[in-house]
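All remarks here apply to the structure that follows.
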Amino acid sequence: MNAEQGLIEGPERSGLVPSLMALGAGVVWSLGALIARLADHADAWQYLLWRSLGILVVIELLVRRRRGRLGSVVRSGIRDAYTSGWTMIAASACLAIASIGFIYALKHTTAANAAFLSSLAPLIVAVLARLVLGERLNGVTIAAVALGFCGLAFMVNGDLGVGNLKGNIAAVITAFGFAGYAVCVRSDPSADWSPALPGSSSIAIPIVASVCIAQGTSLVPPAADIALALLHGGGIIVIGMLTFNAATRHLPAVASIVFAQTETVFVPVWIYLWFAEQPKNTTLIGGAIILAAVVGKALVDARLTTVSPAPSVLARRSRHSA
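For the sequence shown, the positions run 340 to 661 when this note's numbering is used.
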């Protein structure tokens with residue numbers, strides 16, 4: 340029995356329990372934004388370095404334990420990421436871009452902006468899948484994409500002149516990163532894409548370390564911030580991933596997409612409760628438009644098509660595990 344399967348047992352493996360687990364995973368992931376903000380003495384690059392190390396260490400331990408080779412260095416999640424073909428490497432790179440973008444956005448714009456703008460990923464997937472995989476765009480998808488980008492324009496326009504532009508751009512880049520990963524997964528839904536998570540960390544670490552060195556920043560921020568970053572990577576991201584992965588084995592894809600939006604909703608909630616950071620009206624309206632487009636498309640698609648079995652969490656995790 341692997342770690343994911345061990346999270347759901349008995350006759351309740353379908354229905355209410357998986358749904359609650361999927362919703363709960365989004366809430367767990369949303370706590371990562373709060374943790375990142377609490378690490379206020381580490382900049383985005385320092386934080387990313389230690390968060391990536393946390394992910395890498397915990398995932399490697401889980402992979403080796405699952406394979407019964409804890410003491411072996413012959414097989415590992417990182418090795419699988421680099422020996423499973425160029426598409427896996429591309430998926431890892433896309434996740435690294437998304438991870439870097441999201442933390443940078445959290446440090447340079449409001450939490451609500453970072454969450455809502457990065458949640459554009461499912462809509463961007465539709466466009467990239469058309470360009471890369473030749474998937475057809477139906478009227479519902481076109482309308483949802485147009486509506487989603489109207490929400491983006493509304494949010495960004497409301498932030499002009501307040502110094503959030505870099506963070507907003509980073510959040511949109513995050514959405515493109517997650518979308519690129521999802522397109523890689525769509526190219527072969529039956530494959531095991533879990534190595535992309537440690538692969539992305541192995542790509543992010545030298546990048547963010549190089550940025551720190553180039554700008555003369557220490558690689559070692561205060562110990563409290565290191566602990567928060569490690570908790571975010573090795574705890575919040577991994578626990579959320581395992582929980583969501585276990586749940587989505589027993590849920591249709593549309594439910595997974597809808598339930599994943601709990602992360603987007605709760606990010607600004609935690610930040611407001613802890614830091615009293617109140618989103619602007621334009622942010623709330625634009626974010627509501629984006630969420631309506633994402634959730635509405637998922638629900639309408641479910642009515643129009645037969646939902647296929649959902650791949651693993653990393654196949655559908657658009658957010659963000661960064």
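We treat Cβ as the ideally placed atom computed from N, Cα and C, and that holds for glycine.
- Message: Given the structure, does A450 come close to the ligand NAP, in the sense that its CB is under 7 Å from one of the ligand's heavy atoms?
- Response: Among the components modelled here there is no ligand, and therefore nothing to report on the ligand NAP.
- How close, in whole Å, do the beta carbons of G625 and F455 come, if the pair is a contact with beta carbons under 8 Å? 7 Å
- Proximity of A453 and G519 at Cβ, strictly below 8 Å: no
- Message: For D379 and S391, I'd like the C-alpha separation in whole angstroms.
- Response: 18 Å
- Message: If you measure between the beta carbons of T513 and F441, is that distance less than 8 Å?
- Response: yes
- Task: Determine the direct distance from the alpha carbon of A631 to that of L459, and round the result to whole angstroms.
- Result: 11 Å
- Query: Is there contact between the segment 563-573 and the segment 458-473, where contact requires at least three CB pairs shorter than 8 Å?
  - Reply: no
- Query: Mind checking whether L536 and A548 have CB atoms under 8 Å apart?
  - Reply: no
- Message: Whether or not the segment 482-490 and the segment 426-435 are in contact is what I'm after, with contact meaning three or more pairs of Cβ atoms, one per stretch, closer than 8 Å; do they touch?
- Response: no
- Below 8 Å between beta carbons: does that hold for S438 and P534? no
- Taking all protein chains shown into account, do 16 or more other C-beta atoms lie within 10 angstroms of the C-beta of V367, making it buried, or fewer, making it exposed? buried
- How would you label Q385, buried or exposed, when you count the other beta carbons within 10 angstroms and need 16 or more for buried? buried
- Which residue from A594, L623, L638 and I610 puts its Cα closest to that of R355? Reading the sequence as shown, one finds Leu at residue 355 and not Arg. Here the closest residue by C-alpha is A594.
- Task: Would you kindly work out how many angstroms separate the C-alpha atoms of V577 and W613, rounded to a whole number?
- Result: 23 Å
- Task: Taking S539 as part of the alpha helix (DSSP H), name the residues at either end of that continuous run.
- Result: A535 to A553
- Message: If the criterion is Cβ atoms closer than 8 Å, does the pair T587 and A361 meet it?
- Response: yes
- Would you give the residue range spanned by the alpha helix (DSSP H) that R469 belongs to? A460 to L472
- Message: Considering only the alpha carbon of each residue, which of K446, S541 and S457 lies closest to F488?
- Response: S457
- Query: For P528, does the count of other Cβ atoms within 10 angstroms reach 16, so buried, or fall short, so exposed?
  - Reply: exposed
- Query: What did DSSP end up calling A530 once you bin it into helix, strand or coil?
  - Reply: coil
- Query: Ordered along the chain, which non-local residues of its own chain (more than five positions away) have a Cβ less than 8 Å from that of I546?
  - Reply: A435 and I439
- Task: Please report how far the alpha carbon of V522 lies from the alpha carbon of I394, in whole angstroms.
- Result: 23 Å
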